[in-house]
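Trainee:
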Amino acid sequence: MLSRYPLVLFICLISSCLWAQPLSKKAIKKLPACDAADDLLSAHQPREDPYKGMRIHSFYLYMQDSTALAVDLYLPKKMKAGDRLPTIVRQTRYWRRPQLRFPFSLFSKGLLGRTGKMVQRFLDEGYAIVNVDVRGSGASFGQRLHPWSPEEQADGAEILDWIVAQPWSNGQIGSLGVSYGGTAAEFLAIQQHPNLKAVALMFSLYDVYADNAFPGGIHNRWFTSNWGDANALMDANELPPNAEAYKWLIKGVAPVRKKKKQLGRAVSSHEENKNVHEGALEVDFRDDRPRQGAGRKVDYFSPHHYIDALRASGVAVYSYSGWQDGAYAEAAIKRHLDLGAGAHKLMLGPWEHGGAYNISPYCPSLAQFDHAGELLKFFDYHLKGQKNALAQEAPIHYYSIGAERWRAAQTWPPAAVVWDSLFLSDAGLQPRFTPLSEQKIVADHQFGTGEVNRWTAVNGKVKSPYTYADWAQRSASLLHFDGPLLAAPLEIVGESKLQLQLQSTEDLADIYVYLSELKADGSIHYITEGQLRASHRPKTAWQSTHLRKDAQAVVAQQWLELRLQLLPVAWQLQKGSRLRLSLGPSDKDIFEGAYTDKQYELLFRSIQEARSFLLLPVYQE
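Count the sequence shown with mature numbering (1 follows the signal peptide of the UniProt record, and there is no 0) and you get residues -20 to -1, 1 to 601, in order.
1) Among all the DSSP beta bridges, which residues are the ones paired with I153?
2) Excluding the 5 residues preceding and the 5 following R385 in the sequence, name in chain order all residues of the same chain whose CB lies nearer than 8 angstroms to its CB.
3) Leaving out the 5 sequence neighbours to the left and right, which residues in its chain are closer than 8 angstroms to R245 when beta-carbon positions are compared?
4) Can you list, in chain order, the residues of its chain with a C-beta nearer than 7 angstroms to that of G430? Leave out the 5 residues immediately preceding and following it.
5) Could you tell me the boundaries of the alpha helix (DSSP H) in which Q552 lies?
6) Using 7 angstroms as the cut-off, classify the Cβ of T47 as near or not near the heavy atoms of the ligand MG, replying yes or no.
7) Quick one: what does DSSP say L363 is sitting in, helix, strand or coil?
8) So, at 6 angstroms on beta carbons, what are the nonlocal neighbours of P(-15) in its own chain, with the 5 sequence-adjacent residues on each side left out?
9) Less than 8 angstroms separating the beta-carbons of P464 and R528?
10) Would you mind giving the Cβ-Cβ distance between L176 and A108, rounded to the nearest angstrom? I have them listed as a contact below 8 angstroms.
11) Starting from the C-beta of Q390, find all residues in its chain whose C-beta is less than 8 angstroms away, skip the five residues before and the five after it, and write them out in chain order.
12) How long is the line joining the alpha carbons of N217 and Y40, rounded to whole angstroms?
13) Who are the Cβ neighbours of S205 in its own chain at under 7 angstroms, not counting the five residues just before and after it?
14) Within this structure, are the beta carbons of F167 and W128 separated by less than 8 angstroms?
15) How would you label G510, buried or exposed, when you count the other beta carbons within 10 angstroms and need 16 or more for buried?
16) Can you tell me where the alpha helix (DSSP H) holding K314 begins and where it ends?
17) Over the uninterrupted beta strand (DSSP E) stretch that includes D462, give me the two end residues.
18) Do N200 and G440 come within 8 angstroms of each other at the CB atom, strictly closer than that value?
19) For G161 versus R70, is the C-beta distance shorter than 8 angstroms?
20) Do M214 and E138 have their C-beta atoms within less than 8 angstroms of each other?
21) Determine the direct distance from the alpha carbon of W148 to that of V549, and round the result to whole angstroms.
22) Throw me the rounded Cβ distance for the L125 and K254 pair, which I believe falls under 8 angstroms.
23) Roughly how far, in whole angstroms, is the beta-carbon of residue 604 from the beta-carbon of V99, given that I think they are within contact range, below 8 angstroms?
24) Please state whether DSSP places H526 in a helix, a strand or coil.
25) Where does L540 fall in DSSP's three states?
26) Whole-angstrom Cβ separation of Y186 and P394, contact assumed at under 8 angstroms?
27) Please look up how many angstroms separate the CB atoms of G335 and A352, rounded, as I've assumed it's under 8 angstroms.
28) Within 10 angstroms of its Cβ, does S503 collect 16 or more other Cβ (buried), or is it exposed?
29) Measuring alpha carbon to alpha carbon, tell me which of R115, R27, S85, Q172 ends up nearest R101.
30) Kindly list the residues whose CB is nearer than 6 angstroms to the CB of G556, restricted to its own chain and excluding five residues on each side of it in sequence; keep chain order.
31) What are the complete beta strand (DSSP E) segments, minimum 3 residues, inside the segment 338 to 395?
32) So what does P78 bridge to, in DSSP terms?
33) Using the rule of at least 16 other Cβ atoms within 10 Å of the residue's Cβ for burial, across every protein chain shown, is E601 buried or exposed?
34) My assumption, with CB atoms under 8 angstroms, is that L546 sits in contact with A307. Please give the rounded CB distance.
35) Spell out the partners DSSP gives H285 in its beta bridges.
36) Could you name the residues of the same chain whose beta carbon sits closer than 7 angstroms to that of I8, not counting the 5 residues immediately before and after it, in chain order?
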């Protein structure tokens, strides 16, 4: 296999187009294993007699409307006649498998890095794997009007019907995926197929509008633009920009075996695919219907809109994300809470999108957590009926950065969380109310969070554990409110909330909020953030509906009260540190701001009858 060659040191292929560049072997040996599971999470117990090797069967599977989908079927090489196996289904729009150039194709079938190792590990444990290019992508035929279309969802159910009918199948099916594939697995569960028992939704959204395209009601232009462009290239069988360095290795998507001449026809059928960015440019509120693209409201292809069907499916759901995985940790939490009672699990680690790196500034490293083992434990329980430790473990596990430890919980936020108030004042963040005289920031659209952050991670830009490395310099221009010197560690677990008294010199305003740890040595660690377009501000709750009917006008020169909820995190500030709250009017690197063609001013205040304050979810052991 290719993994025996030095070449593999430069390749780590993961879903969501994440072509990450690993650290050297020498560097890896020096890195601690901070995020490795501890006693709270039992290790997967492998088979005593594992299967060895793999057989790949490549073919087209025809749907009821005659659309041909490219499928790779992986079976253990040494499975015996009569063996019937549970199956894991993975649907992707990022090529089910790349085609390697000669001579590299002599040493590998295209399964590289962590993806290849995970496939082999599942095969060793006695699973069949079905890997599919969804319609309109890869080597499959068809068109894509928008992501996760009804036709694509129906394809998933047909694929399950085909699996159940195969002689190697025992009828027990699970599905997993990262990013797009995670959402595809969620929509597969929504189909309520009787043979689908469990899904692992890894690093994936739940609410398309709030979790990705429009956090806080503000267009995440960086993502929709870059994702749309990358998809267009891949649908044309070309490498996206963040993988161009591997053109010498990767030729394109792997054609279906013995059907190589059909690859060109399949790629040609993608020419009418719609670009999501074009539609996003016409959206402000979640119920807007764009003229471009598919002309669908965003909730039409958002899994949260179908939560009743997901809940009724009876499928066990593992929601799986990381603290700097865009807004997908919040997505995983919302899904888990919406599902309610059942055999559902929630995992929140110190990871970026894909889980390749531990992004804790206290232990930056390659992730040492056994993702494959945790998934095998989950599927062994639900597909094989193994009485492993899964049922005895808490439903929620999360990693606390700074404390550098895993914690378990029955609820979210955990029962040990209490709410503390800190008031914005002329003296910074104070535990008791004192007034804040008018403070001004100028919206000159110069501030940005850079090229390596939680948002760019979702499209594969994070290629090391060092995110927000320049945060001290980058955040210097923001308006800061520093808390008291900590006499003991302070652990934040959950979603902080902020109420602001705000005035704009124009009839639009965006606000960006950041929490940081200001350490005694002057270094600053980014913790989390939140953002909100003022016209989307909720009337009473902490989270906006983002519906046009609920919009509230921003009147220039008039004070308004704005509430927003920050993205979740588990973070322990160290003794001697201070908590810093920072306010800004823009993030030019990521979001399409209000009035980008001119400057305007934002004023903040806190008075007795109209207070500005921060609510912190504080963990108390």
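Ideal placement from N, C-alpha and C gives every residue a C-beta, glycine not left out. Just so we're clear, the structure is a prediction, and the values are computed from it rather than from any experiment.
Mentor: Short version:
1) T67, L176
2) D18, Y379
3) F121
4) D450, R454, D569
5) It is not in any alpha helix (DSSP H) - Q552 instead sits in the beta strand (DSSP E) that spans 549 to 553.
6) Here there are no bound small molecules, and the ligand MG is not part of this structure.
7) helix
8) In this predicted model, P(-15) has a pLDDT of only 32, less than 50, meaning its place in the structure is not dependable; the value taken from the coordinates is given anyway. None.
9) no
10) With 8 angstroms as the limit, L176 and A108 do not qualify as a contact, their Cβ atoms being about 14 angstroms apart.
11) A374, P375, I376
12) 18 angstroms
13) H257
14) yes
15) buried
16) 308 to 319
17) 459 to 462
18) no
19) yes
20) no
21) 43 angstroms
22) 5 angstroms
23) One cannot answer for residue 604 here, as it falls past the ends of the chain, which runs -20 to 601.
24) coil
25) strand
26) Wrong, their Cβ atoms sit about 20 angstroms apart, outside the cutoff.
27) About 11 angstroms separates the two Cβ atoms, so there is no contact after all.
28) exposed
29) R27
30) A500
31) 376 to 380, 385 to 389
32) V233
33) exposed
34) Between A307 and L546 the Cβ distance is about 10 angstroms, and since that is not below 8 angstroms, they are no contact.
35) Looking at the DSSP assignment, H285 forms no beta bridge with any residue, so it has no partner.
36) Note on I8: pLDDT 46, under 50, position unreliable in the model; no value is reported.
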